[in-house]
Amino acid sequence: MHKVDARNRPCPKPVIMTREALKSHGLPLEIVVDSGIPLLNVRRFLESQNIRVSFSEAGGYATLVCTEGDQAEGALQAGTAEKRDERPEDVAILVCSEFLGHSDRLLGDVLIKSFLGTLVEREQPPALIALMNEGVKLALPGSSASESLQALQARGTEILVCGTCSSHFGITDSISVGIISNMFDITGSLLRHQKSIVLG
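For the sequence shown, this note's numbering begins at 1 and goes up steadily by one.
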């Protein structure tokens with residue numbers, strides 16, 4: 001039985017590790033996660049894949065055991081369906097802040113990093129991410145999201161950075177990912193896609 005040690009991993013890493021283990025090793029599978037929210041998230045994911053799960057908790061951690069059965073076929077089929085089309089999904093995301101949310105900047109930094117990192121792990125990344133206002137700071141080499149943006153760009157996501165915004169903050173020469181663009185091009189690109197999401 002393959003084992004996944006997802007203890008002390010930030011959300012949504014335990015779910016991502018579980019999904020990858022299912023694809024690579026199938027069932028049966030044993031997963032160790034922190035009790036509480038990580039356990040709930042992994043259980044919810046497994047149940048969404050029609051996988052039967054038993055678990056036990058001790059010392060602040062939980063061990064989940066996923067066993068063979070007709071439920072395994074559904075999970076493997078779901079994974080296969082995800083792989084049918086690896087092109088970028090026809091979704092555009094407009095990011096207007098370097099944080100996700102406004103009340104707590106430390107939390108907002110963690111959330112935007114987690115959000116973009118989760119997009120990297122998806123079978124189909126978004127077709128476009130446009131950075132405007134303070135969102136352009138995410139394209140700086142030292143930002144918490146720079147690696148995720150570079151990974152998304154490598155997978156085919158178009159990254160557009162508002163030139164007016166980067167000039168305003170005096171960071172144009174330091175932008176490390178994406179294409180310096182303008183409002184006309186960014187607006188046109190956003191309107192070309194079927195779905196748009198605005199953050200910030």
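Just so you know, even glycine gets a beta-carbon here, dropped at the ideal spot from N, CA and C.
Bear in mind that the values here come from a model prediction, so they are computed numbers and not experimental data.
Can you pull the DSSP bridge partners for residue 160?
For the purposes of this step, residue 160 is identified with residue 160 of the sequence shown, where counting begins at 1. Its beta-bridge partners are 130 and 179.
Return the bridge partner residues of residue 197 from the DSSP annotation.
Along the sequence shown, read from residue 1 onward, the residue named residue 197 stands at position 197. DSSP output for residue 197 lists 93 as bridge partner(s).
Do residue 97 and residue 199 have their C-beta atoms within less than 8 Å of each other?
Taking the sequence shown and counting its residues from 1, one reaches residue 97 at position 97. Taking the sequence shown and counting its residues from 1, one reaches residue 199 at position 199. Cβ atoms of residue 97 and residue 199: closer than 8 Å.
In the DSSP assignment, what are the bridge partners of residue 31?
Working through the sequence shown from its first residue, we reach residue 31 at position 31. Per DSSP, 4 and 64.
Looking only at its own chain, which residues have a Cβ that is under 8 Å from the Cβ of residue 53, when we skip the five neighbours before and after it?
Along the sequence shown, one-based indexing puts residue 53 at 53. Only 43, 46, 47, 64, 65 and 66 meet the Cβ criterion.
So, is residue 19 buried or exposed, given that buried needs 16 or more other C-beta atoms within 10 angstroms?
Counting from one through the sequence shown, the residue named residue 19 turns up at place 19. Buried is the call here.
Quick check on residue 179: buried or exposed, where buried means 16 or more other Cβ atoms within 10 Å of its Cβ?
Along the sequence shown, one-based indexing puts residue 179 at 179. Exposed, by the Cβ-count rule.
Residue range of the alpha helix (DSSP H) that residue 55 falls in?
Here the question's residue 55 lines up with position 55 in the sequence shown. Not the alpha helix (DSSP H): residue 55 falls in the beta strand (DSSP E), residues 53-58.
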